[in-house]
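Protein chains: 2
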Amino acid sequence: MTPQRKDAARNWDRITTVARELVDEGTPLQLNDVARRAGLGVGTVYRHFPTTEALLETVATPCLEALGDHGRQALAHDDAWHAFSTFLTQLVEAQVTDPALAKVSATATDVLPRTTELKRQIIAIGTELLTRARAAGTVRPDLADGDLVPLMCGISYATYVHSETPADRLPTARRYLDTLLRGLSA
Amino acid sequence: MTPQRKDAARNWDRITTVARELVDEGTPLQLNDVARRAGLGVGTVYRHFPTTEALLETVATPCLEALGDHGRQALAHDDAWHAFSTFLTQLVEAQVTDPALAKVSATATDVLPRTTELKRQIIAIGTELLTRARAAGTVRPDLADGDLVPLMCGISYATYVHSETPADRLPTARRYLDTLLRGLSA
DNA sequence: ACAGATACGGATGAGCTATCCGCTTCATCG
DNA sequence: CGATGAAGCGGATAGCTCATCCGTATCTGT
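These protein sequences, in sequence, are chains D and A. Per the working numbering, the first sequence starts with residue 1, numbered consecutively. Per the working numbering, the second sequence starts with residue 187, numbered consecutively.
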């Protein structure tokens with residue numbers, strides 16, 4: 001395993017930076033766009049990221065890591081229901097803030113192992129928080145572990161369908177999640 | 187206004203039939219595909235349907251009409267909450283059954299006036315049912331009229347994210363809607 | 001400074017969208 | 001029924017994006 005060459009590392013940074021900018025602008029990622037805006041050849045971009053999904057997952061990785069951290073903090077909480085609902089709120093807010101994360105969350109088959117691992121961690125944390133809330137009797141028993149992610153994706157999707165501008169999104173998402181949580185509580 | 191020519195009518199039927207087949211197969215609609223499978227030239231397809239969206243909306247129209255009919259039946263019901271929840275159930279079940287309907291529902295800007303009109307009717311019915319349920323005190327007051335469609339889209343999206351096979355979808359969708367309705371009820 | 005490995009860049013082809021226009025088919029009218 | 005104009009058909013084609021491939025340039029270790 002040879003360490004990466006200097007120019008390669010520099011270009012990797014440029015590409016991911018530009019990609020993050022494009023995602024934040026709401027533009028659907030196009031690798032040709034990325035190449036042009038990064039001042040690189042298309043081939044370079046495709047060598048670093050064989051598909052759009054690979055780049056998208058890379059761009060979403062820091063967000064997934066942050067969510068994992070938040071989840072681990074939530075696990076330290078005493079009140080099971082509060083910890084659970086706080087974590088779900090963070091998940092939803094992250095998704096409606098970041099289109100890259102929203103897409104990656106909704107996709108079942110990842111292309112990067114790192115993505116799979118981070119998602120696994122987040123799901124595990126959610127499951128644990130759900131189990132505790134259930135044990136405390138504050139959540140309805142018919143909600144399965146595998147439902148958490150789809151429901152969060154559903155809420156952020158509903159928010160996208162509802163909202164004209166990104167600024168409208170956070171309050172809408174909170175309102176929808178609030179309603180859902182009310183439905184989940186026992 | 188000249189009545190349509192016979193061959194034109196025949197081709198319109200062929201195109202919409204093939205398009206419905208493709209949609210049911212889960213294939214994303216491509217007008218070239220449609221032309222080939224219908225045994226027609228590409229130009230013919232594009233003359234009848236200038237864009238993919240136009241064809242998609244046309245294919246979804248019968249479903250929208252059926253939903254309108256169901257809604258008008260629900261309006262005849264006595265129990266406000268039952269009428270409301272029944273209608274929402276029909277909306278969600280239709281969406282998870284028909285990808286064309288799901289896409290059309292989630293799109294704000296229609297290309298066919300007919301689509302806009304049908305959606306308007308459905309939203310009006312939903313609003314009326316919601317108002318009645320609110321008046322009867324069985325629904326939380328912070329749910330706005332404009333939230334109904336996004337929430338239904340969100341549920342069907344969550345269902346798509348969750349389910350591997352189409353067969354899994356209906357029960358999942360019912361479960362999610364059930365949870366949401368519980369959150370909506372006062 | 002040299003050699004080999006690694007990475008770069010853009011020309012290139014494949015696939016899809018959408019258009020345009022010469023030709024065919026249809027409906028009408030004498 | 002046959003001619004005529006209108007309406008419709010079909011596919012060649014241009015524009016666009018995705019993705020690949022390979023000759024060339026750059027870097028790293030000696």
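Where a beta carbon is used, it is the ideal one built from N, C-alpha and C, also for glycine.
What do you get for residue i, buried or exposed, if any count of 16 or more other CB atoms within 10 angstroms of its CB means buried?
i                        : result
proline 150 (chain D)    : buried
glutamine 4 (chain D)    : exposed
leucine 75 (chain D)     : exposed
threonine 237 (chain A)  : exposed
glycine 126 (chain D)    : buried
histidine 82 (chain D)   : exposed
valine 220 (chain A)     : buried
lysine 289 (chain A)     : buried
asparagine 218 (chain A) : exposed
glutamate 243 (chain A)  : buried
arginine 169 (chain D)   : buried
alanine 94 (chain D)     : buried
aspartate 98 (chain D)   : buried
alanine 144 (chain D)    : exposed
lysine 119 (chain D)     : buried
aspartate 333 (chain A)  : buried
At 8 Å on the CB atoms, spell out the chain A contacts of residue i, in chain order.
i                     : result
leucine 180 (chain D) : Thr365, Leu366, Gly369
proline 28 (chain D)  : Neighbours of proline 28 (chain D) on chain A: none; closest Cβ ~15 Å, over 8 Å.
Going along chain A, which residues have a C-beta under 9 Å from residue i?
i                       : result
aspartate 147 (chain D) : Ala344, His348, Thr358, Arg361, Tyr362, Thr365
Could you give the residue range of the alpha helix (DSSP H) that holds residue i?
i                       : result
threonine 58 (chain D)  : 52-75
threonine 275 (chain A) : 266-283
alanine 224 (chain A)   : 217-224
glycine 229 (chain A)   : 228-234
proline 214 (chain A)   : That residue, proline 214 (chain A), is in no alpha helix (DSSP H); it is neither H nor E in DSSP.
leucine 337 (chain A)   : 334-348
Can you list the residues of chain D that residue i reaches, using a CB-CB cut of under 9 Å?
i                       : result
aspartate 328 (chain A) : Arg175, Asp178, Thr179
proline 336 (chain A)   : Tyr157, Ala158, Thr159, Tyr160, Val161, His162, Ser163, Thr172, Tyr176
Please compile the residues from chain D whose C-beta is within a distance smaller than 7 Å of the C-beta of residue i.
i                     : result
leucine 159 (chain A) : Here chain A comprises residues numbered 187 to 372, so residue 159 (chain A) is not present and cannot be evaluated.
alanine 292 (chain A) : Val161
proline 352 (chain A) : In chain order: nothing, as chain D lies at least about 15 Å away.
Find the residues of chain A that neighbour residue i, judging by a C-beta separation of less than 7 Å, and give them in chain order.
i                      : result
cysteine 153 (chain D) : Tyr343, Ala344, Val347
proline 99 (chain D)   : Near proline 99 (chain D) there are no residues of chain A at all, since even the closest Cβ is about 14 Å away, more than 7 Å.
proline 113 (chain D)  : Within chain A, no residue comes near proline 113 (chain D); the closest Cβ sits about 21 Å away, beyond 7 Å.
Who pairs with residue i in a beta bridge, going by DSSP?
i                    : result
valine 139 (chain D) : D:Ser185
Confirm the yes/no value for this check: CB of residue i, any heavy atom of the ligand FMN, distance under 7 Å.
i                    : result
serine 291 (chain A) : This structure does not include the ligand FMN; it has no bound ligands of any sort.
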